[in-house]
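Asker:
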Amino acid sequence: MTAQIISGTEIAKQIREEIKQEVAELKEKHNVVPGLVTVLVGEDPASQVYVGQKEKTSAALGIYSERHDLPADTSEADLLALIDKLNKDPKIHGILVQLPLPKHINETNVLFAIDPKKDVDGFHPVNVGKLMIGEPDYLPCTPHGIQQLLMRSGIETDGAEVVVVGRSNIVGKPIANILLQKQKGANATVTICHTHTRDISFHTKRADIIIAAAGKANAITADMVKEGVVIIDVGVNEIGKTAEGKRILVGDVDFEGVKEKARAITPVPGGVGPMTITMLMLNTLRAAKIKAGLI
Ligand code: GUN
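Numbering (the working numbering), first residue to last: 597 to 891.
1. Closest to residue 894 by C-alpha separation, out of 761, 692, 713 and 637, would be which residue?
2. So, is residue 854 buried or exposed, given that buried needs 16 or more other C-beta atoms within 10 angstroms?
3. Rounding to the nearest angstrom, what Cα-Cα distance links residue 600 and residue 704 in this structure?
4. Of all the CB atoms in chain B, is at least one closer than 7 Å to the CB of residue 674?
5. For residue 850, which residues in the same chain have their Cβ closer than 6 Å to its Cβ, ignoring the five residues on either side in sequence?
6. Measure the beta-carbon distance from residue 707 to residue 718 and round it to whole angstroms, keeping in mind my assumption that it falls under 8 Å.
7. Check whether the region 876-888 and the region 833-848 are in contact - that is, three or more C-beta pairs closer than 8 Å.
8. With contact counted as at least three CB pairs below 8 Å, one residue from each stretch, are the region 860-869 and the region 598-618 in contact?
9. When you compare the CB positions of residue 753 and residue 776, do they come within less than 7 Å of one another, or not?
10. Just to confirm before moving on: does the CB-CB distance between residue 739 and residue 770 stay below 7 Å?
11. To the nearest angstrom, report how far apart residue 743 and residue 781 are at their CA atoms.
12. Quick one: is the Cβ of residue 711 within less than 6 Å of any heavy atom of the ligand GUN?
13. What do you reckon, is the C-beta of residue 890 under 6 Å from a heavy atom of the ligand GUN?
14. With a CB to CB cut of under 7 Å and the five nearest residues on each side skipped, what residues in its chain are close to residue 741?
15. Extract the residue ranges of the alpha helix (DSSP H) inside the region 671-726, only unbroken runs of 4 or more that lie entirely within it.
16. Is residue 744 near the ligand GUN, judged by its Cβ being under 6 Å from some heavy atom?
17. Can you have a look at residue 654 and say buried or exposed, based on whether 16 or more other CB atoms are within 10 angstroms of its CB?
18. Is the closest heavy atom of the ligand GUN to the C-beta of residue 819 under 6 Å?
19. If you measure from the CB of residue 707, is any heavy atom of the ligand GUN nearer than 6 Å?
20. Report whether the distance from the Cβ of residue 697 to the nearest heavy atom of the ligand GUN is below 6 Å.
21. Restricting to Cα atoms, I'd like to know which of 623, 883 and 747 is closest to residue 805.
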């Protein structure tokens with residue numbers, strides 16, 4: 597079987613065009629410019645790249661963006677004070693605090709402090725709860741991007757056996773929640789596997805769709821999947837550097853082996869990655885529309 601390669605780069609491009617048009621319309625008809633702020637604490641190089649991409653994409657789509665880079669030794673109180681200020685800033689519709697935070701800052705306290713209406717990550721417990729009961733305001737960006745990849749590639753989730761590998765609050769738990777909702781692009785039977793699962797292969801071998809979000813290279817190999825499976829690879833693992841010092845990144849799936857059995861598969865890079873930022877832009881647009889009373 598030759599697997600269909602699901603291009604997140606292409607699908608993200610389409611969605612960005614749609615967002616760009618809507619942003620222009622919002623400005624023209626209602627004089628509203630969506631505003632996004634990103635807050636980065638410390639100098640983690642990967643986080644710096646992500647935050648830079650968010651600024652660049654905002655600018656390309658006509659979204660106002662602001663960036664706060666804080667030193668690694670910023671106190672929790674100072675970070676909470678900044679969030680309080682941003683909660684009250686009328687230019688800002690979406691607040692994103694880049695994770696992970698330095699160890700001395702309590703992540704839960706920070707996520708709880710963001711106004712749920714500006715929580716474009718969908719990480720505040722109010723938004724997590726709203727998703728759980730099928731009434732979401734903001735879907736978390738990576739899981740929402742995964743759902744869009746499936747829908748826009750014509751992959752049916754209704755009644756499908758979906759196995760999610762990984763139970764993080766950012767990907768594993770919310771994608772499971774999204775795909776089990778009673779609605780279009782969902783209605784799946786979902787299993788979540790994790791580090792304490794007795795036999796992951798037992799589950800992955802009967803999956804129609806596998807969502808690999810384990811954070812480990814080669815977590816999913818060809819012997820663990822059935823013919824015709826659909827694979828969404830969320831992993832970004834650095835396995836070394838090139839002679840020029842460039843990071844070599846791979847997903848959680850042994851792409852070369854698994855693609856021989858799969859019906860469709862996402863590459864790394866160029867799969868889930870470009871979708872995450874795109875969905876953040878969509879949530880920022882949505883936040884601006886909610887604030888303007890348009891939805
Ligand atoms: N770090 C890795 N993924 C994410 C994300 O989706 N949002 C935030 N805020 N931080 C992250």
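Quick reminder that beta carbons are idealized off the backbone N, C-alpha and C, glycines included.
Answerer: Answer, in terms of the structure:
1. Because the chain is modelled from 597 through 891, residue 894 falls outside the range shown and cannot be assessed.
2. buried
3. 40 Å
4. The structure shown has no chain B; it contains just one protein chain.
5. For residue 850, where only same-chain residues beyond five positions count, the Cβ hits under 6 Å are 814 and 817.
6. The pair is not a contact, with the Cβ atoms about 10 Å apart (cut-off 8 Å).
7. Contact fails between the region 876-888 and the region 833-848, because fewer than three Cβ pairs, one in each stretch, are under 8 Å apart.
8. yes
9. no
10. Judged by beta-carbon spacing, residue 770 lies within the 7 Å limit of residue 739, meaning their Cβ atoms are closer than that value.
11. 7 Å
12. The answer is no for residue 711.
13. no
14. Counting only Cβ-Cβ distances below 7 Å, and skipping sequence neighbours, we find 868, 871, 872, 874 and 875.
15. 672-684 and 703-709
16. no
17. So residue 654 counts as buried.
18. no
19. no
20. no
21. Comparing Cα positions, the closest option is 747.
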